[in-house]
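A.B. asks:
In our numbering, the protein residues as written are 931 to 1466.
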């Protein structure tokens, strides 16, 4: 009524405007009645004659109204912009009322008239019409995508339009596009209007299932990134010497040349290992099984297993066990497989069998302590390998982690600092101390530790990239120095092109800087590309 009173006060032009509004409303209502009549015609054949007569009458009325609309629409376009915008607003309000009444076809008509009438672009007209397409039966998701894309083109941060387009993409099973839109709305929608975190989680599960099937069909046998494989093999001490091929394989592992190590251990088994050297034959099969199994994502501070061939890996471990039952690593790796299968009781039974055979072996307590921390069973007793073998560095790291888990911060820091004297040629202790300084916001001390740790790369066959990544993270948190942080991450890529950690950090950097396109799309797809052959 307020709109009509405003129009009546402005003379003949306003009368035309009011008449136009009445015609549009009548035409939309008649169109809705026509749809209902068509449905009734299909369902009630016995009333066909009466319905056809009514249909004919309504069609004539619609034709007359269309003719009148054609005439009055020309007058509408000649109206001043202010009057056109008032009329468009009234049509939008009619559309909103129709939507609330679940008359979605009628609402679409009102929003369409509003788009035609308005003198200026209004993204809400398109977003509202898209909502109707998603609610009507049957749904029309492709039209919803068109309208939402039109709205987003003129208003890139329009959260509702992005959310509705994501919903339409999901209906169309375009899960990658839907995921991009839901990630974007989650980043933009600080008020929680759309609550799209659940949508992201749901789509990730769908997308992961689809991609996992794709990856398994096209899986190759390449090794994982160096930084992942290196973490795994660093958790075991060097093995005893043996036949030439096996010796070369073990030497290749010590030089971080894992591809050569895998080829050499296969060569050793093909040529045959001395019958008298039972432990060597068992070690070779254990190592081959390890390469067949090691290709899982790392659990905290630890790698699992490489080519994801579980049956073949288990066969090698069993063969190794039958040749030399006291080779402790077989029990440790069986325990890890049991943990992967969520069979904790069987896993700890494997550790108990290992202790019965070789109770002084520090590897057992190191790995059992690691899995206990992961399971939340944080006990200092599980890290006894530091006491049994003073120069086995991962045990000291695990002992420090246990102290921190028990909130014994001074003892944890003391354990880390003692590693500087015990392992003067290793960069890892410096990196761990740098991480401790970073957690305490001692940024300058953290930078010093990370730089010193990375300088020690000159003494290694390959660079240890964790200090670089940590230095970049510290520079960003401390000074918000995006350029220097990114330079550190790119240098890490130079030393280890397949590192997922640097990819994730660059993605986070783009997100913090508000570059949603690169954060949500380009870097995400780069991560997927790196992991595509890894069976993650």
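Every residue, glycine too, gets a C-beta built ideally from N, C-alpha and C. Keep in mind that this is a model prediction, so the values were computed, not measured.
So, helix, strand or coil for residue 1463, using DSSP?
C.D. replies: Working through the chain shown from its first residue, we reach residue 1463 at position 533. Low confidence applies here, because residue 1463 scores a pLDDT of 48, under 50, leaving its location unreliable and the question unanswered by this model.
A.B. asks: Excluding the five sequence neighbours on either side, which residues of its own chain have a C-beta within less than 8 Å of the C-beta of residue 1084, listed in chain order?
C.D. replies: Residue mapping note: residue 1084 aligns to position 154 of the chain shown, counting from 1. So the list reads 1051 and 1053, once near-sequence residues are dropped.
A.B. asks: Would you kindly check if the distance between the Cβ of residue 1101 and the Cβ of residue 1064 is under 9 Å?
C.D. replies: Translated into positions along the chain shown, residue 1064 becomes position 134. Translated into positions along the chain shown, residue 1101 becomes position 171. Cβ distance < 9 Å, so residue 1064 and residue 1101 count as in contact.
A.B. asks: Which same chain residues end up closer than 6 Å to residue 1068 when comparing Cβ atoms and leaving out the 5 residues on each side of it in sequence?
C.D. replies: Position 138 of the chain shown, counted from the start, is the residue given in the question as residue 1068. Cβ within range, chain order: n/a, list empty.
A.B. asks: Give the secondary structure of residue 1102 by DSSP, where H, G and I count as helix, E and B as strand, and everything else as coil.
C.D. replies: By 1-based counting over the chain shown, the position of residue 1102 is 172. Residue state, collapsed to three classes: coil.
A.B. asks: Should residue 968 be listed as close to the ligand PLP, given that the test is whether its C-beta is under 8 Å from any heavy atom?
C.D. replies: Among the ligands in the structure shown, none appear at all, so the ligand PLP cannot be discussed.
A.B. asks: Drop a sphere of 10 angstroms on the beta-carbon of residue 957, count the other beta-carbons inside from all chains shown, and report buried for 16 or more, exposed for fewer.
C.D. replies: For this step, residue 957 is matched to residue 27 along the chain shown. That one is buried.
A.B. asks: Determine, using beta carbons only, whether residue 1439 and residue 1406 come nearer to each other than 9 Å.
C.D. replies: In the chain shown, residue 1439 corresponds to position 509, counting from 1. In the chain shown, residue 1406 corresponds to position 476, counting from 1. The answer is yes: Cβ separation under 9 Å.
A.B. asks: What distance in whole Å lies between the Cβ atoms of residue 1216 and residue 1259, which are believed to be in contact at a cut-off of 8 Å?
C.D. replies: For the purposes of this step, residue 1259 is taken as the residue at position 329 of the chain shown. For the purposes of this step, residue 1216 is taken as the residue at position 286 of the chain shown. Correct: roughly 5 Å between the Cβ atoms.
A.B. asks: Along the chain, where does the alpha helix (DSSP H) containing residue 1382 start, and where does it finish?
C.D. replies: Here residue 1382 refers to the residue found at position 452 of the chain shown. It spans 1373 to 1385 - the alpha helix (DSSP H) in which residue 1382 sits, taken as one unbroken run.
A.B. asks: Looking at the secondary structure, which residues open and close the alpha helix (DSSP H) in which residue 1407 lies?
C.D. replies: Within the chain shown, numbered from 1, the residue matching residue 1407 stands at position 477. Per DSSP, residue 1407 belongs to the alpha helix (DSSP H) from 1396 to 1409.
A.B. asks: How would you label residue 968, buried or exposed, when you count the other beta carbons within 10 angstroms and need 16 or more for buried?
C.D. replies: Numbered from its first residue, the chain shown carries residue 968 at position 38. With fewer than 16 Cβ atoms within 10 Å of its Cβ, residue 968 is classed as exposed.
A.B. asks: Tell me which residues share the same chain as residue 1071 and place their Cβ nearer than 6 Å to its Cβ, disregarding the 5 neighbours each side in the sequence.
C.D. replies: Residue numbering aside, residue 1071 sits at position 141 when the chain shown is read from its first letter. Answer for residue 1071: 1098, 1101 and 1102, listed in chain order.
A.B. asks: For the alpha helix (DSSP H) containing residue 1014, list its first residue and its last residue.
C.D. replies: As a first step, residue 1014 must be located in the chain shown, where it is residue number 84. Counting along the chain, the alpha helix (DSSP H) containing residue 1014 begins and ends at 1011 to 1030.
A.B. asks: Would you decide whether residue 1174 is buried or exposed? Buried here means 16 or more other CB atoms lie within 10 Å of its CB.
C.D. replies: Indexing the chain shown from 1 puts residue 1174 at position 244. Counting Cβ neighbours within 10 Å, residue 1174 comes out exposed, since fewer than 16 surround it.
A.B. asks: Please state whether DSSP places residue 950 in a helix, a strand or coil.
C.D. replies: If you number the chain shown from 1, residue 950 lands on position 20. Three-state DSSP puts residue 950 in a helix.
A.B. asks: Run through DSSP, which three-state label would residue 1356 get?
C.D. replies: The count along the chain shown starts at 1 and reaches residue 1356 at position 426. DSSP places residue 1356 in coil when its eight states are reduced to three.
A.B. asks: Where residue 1130 and residue 1091 are concerned, what is the direct C-alpha to C-alpha distance, given to the nearest angstrom?
C.D. replies: As a position in the chain shown, residue 1130 is number 200, starting the count at 1. As a position in the chain shown, residue 1091 is number 161, starting the count at 1. The straight-line gap from Cα to Cα measures roughly 16 Å.
A.B. asks: Near residue 1314, which residues of its chain fall below 7 Å by C-beta distance, leaving aside the five closest residues on each side in sequence?
C.D. replies: Numbered from its first residue, the chain shown carries residue 1314 at position 384. The pLDDT assigned to residue 1314 is 48, lower than 50, so where the model puts this residue is not dependable; a value taken from the coordinates is nonetheless given after this. The residues are 1295.
A.B. asks: Let me make sure I understand the geometry here. Which of 1031, 1039 and 1023 has the alpha-carbon closest to that of residue 961?
C.D. replies: Stepping through the chain shown from its first residue, residue 961 is reached at position 31. When each option's Cα is compared against that of residue 961, the closest is 1039.
A.B. asks: The alpha helix (DSSP H) with residue 1196 in it runs from where to where?
C.D. replies: In the chain shown, counting from the first residue as 1, residue 1196 sits at position 266. Counting along the chain, the alpha helix (DSSP H) containing residue 1196 begins and ends at 1188 to 1201.
A.B. asks: If I measure Cβ to Cβ from residue 1354 and keep anything under 6 Å in the same chain, skipping five residues before and after, which residues do I get?
C.D. replies: As a working note, residue 1354 is residue 424 in the chain shown. None.
A.B. asks: Identify the continuous alpha helix (DSSP H) that holds residue 1413 and give its terminal residues.
C.D. replies: For the purposes of this step, residue 1413 is taken as the residue at position 483 of the chain shown. Start and end: 1412 to 1425.
A.B. asks: Can you tell me whether residue 1012 is buried or exposed? The criterion is at least 16 other CB atoms within 10 Å of its CB, across all chains shown.
C.D. replies: Within the chain shown, residue 1012 is the residue found at index 82, counting from 1. Exposed: under 16 other Cβ atoms inside 10 Å.
A.B. asks: What distance in whole Å lies between the Cβ atoms of residue 1156 and residue 1426, which are believed to be in contact at a cut-off of 8 Å?
C.D. replies: Residue numbering aside, residue 1426 sits at position 496 when the chain shown is read from its first letter. Residue numbering aside, residue 1156 sits at position 226 when the chain shown is read from its first letter. Going by Cβ atoms, the distance from residue 1426 to residue 1156 rounds to 5 Å, so yes, they are a contact pair.
A.B. asks: Check whether the Cβ atoms of residue 1037 and residue 1060 lie closer than 9 Å to each other.
C.D. replies: In the chain shown, residue 1037 corresponds to position 107, counting from 1. In the chain shown, residue 1060 corresponds to position 130, counting from 1. No; because the gap between Cβ atoms is not below 9 Å, this pair is not in contact.
A.B. asks: Measure the alpha-carbon distance for residue 1417 versus residue 1161 and round it to whole angstroms.
C.D. replies: If you number the chain shown from 1, residue 1417 lands on position 487. If you number the chain shown from 1, residue 1161 lands on position 231. Each residue's Cα considered, the two are about 24 Å apart.
A.B. asks: Quick check on DSSP: helix, strand or coil for residue 1185?
C.D. replies: Stepping through the chain shown from its first residue, residue 1185 is reached at position 255. Coil, per DSSP.
A.B. asks: For the alpha helix (DSSP H) containing residue 1437, name the first residue and the last one.
C.D. replies: Within the chain shown, the letter at position 507 stands for residue 1437. Per DSSP, residue 1437 belongs to the alpha helix (DSSP H) from 1430 to 1442.
A.B. asks: Going by other Cβ atoms of all chains shown within 10 Å of its Cβ, with 16 needed for buried, is residue 1029 buried or exposed?
C.D. replies: Reading the chain shown from its first residue, position 99 is the one you call residue 1029. Buried, by the Cβ-count rule.
A.B. asks: Return yes when the Cβ of residue 1375 is within less than 9 Å of the Cβ of residue 1364, no when it is not.
C.D. replies: For the purposes of this step, residue 1364 is identified with residue 434 of the chain shown, where counting begins at 1. For the purposes of this step, residue 1375 is identified with residue 445 of the chain shown, where counting begins at 1. Yes, these two residues count as a Cβ contact at 9 Å.
A.B. asks: Identify whether residue 1237 lies in helix, strand or coil by the three-state DSSP scheme.
C.D. replies: Indexing the chain shown from 1 puts residue 1237 at position 307. At residue 1237, the pLDDT of 48 sits below 50, so the modelled position is not reliable; the number obtained from the coordinates is stated separately. Correct three-state label for residue 1237: coil.
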